[in-house]
Amino acid sequence: MAANAPKSEVVQARLEKDVKEQGNRILQDLGLDASTAINMFYHQIILQGGLPFSVKLSEKVDDEIRRRIIKAEAQEFGLIPDDSEEITSGEDLNKYWG
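Numbering (my numbering), first residue to last: 52 to 149.
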């Protein structure tokens, strides 16, 4: 190693066997090894100031969360009073708009 080369560190990760094998095949087709790909990934984290892809919770929103969102938005827009009862259906909304 050259005298001026930056010191390197070891990164270890556990992967499912099939994920590792499939990933390595794709990297090989790209002419890369896992070490180079991980190094590129870390550089992108630095350049982007975060992960270089979107990370989300499941796009599925359960019914309870959906009800809370609708109620909060309806209150925010003055469609129902802030002290309204629990709203669980369109019929409940009709009490206020009926």
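Don't be surprised by glycine CBs; every beta carbon is placed ideally from N, CA and C.
Local conformation of residue i per DSSP, three classes
| i | result |
| --- | --- |
| R65 | coil |
| A88 | helix |
| E124 | helix |
| K58 | coil |
Nonlocal neighbours in the same chain, by C-beta distance under 8 Å from residue i, ignoring five residues either side
| i | result |
| --- | --- |
| L102 | I96 |
Buried or exposed by the 16-neighbour rule on C-beta atoms within 10 Å, applied to residue i
| i | result |
| --- | --- |
| K58 | exposed |
| K68 | exposed |
| I131 | buried |
6 Å Cβ shell around residue i - same chain, five flanking residues per side excluded
| i | result |
| --- | --- |
| D133 | Q126 |
Option nearest residue i by Cα separation, candidates the options
| i | options | result |
| --- | --- | --- |
| A85 | S105, V61, V106 | V61 |
Residues near residue i by beta carbon distance below 7 Å, same chain, minus five either side
| i | result |
| --- | --- |
| L78 | D84, A85, A88 |
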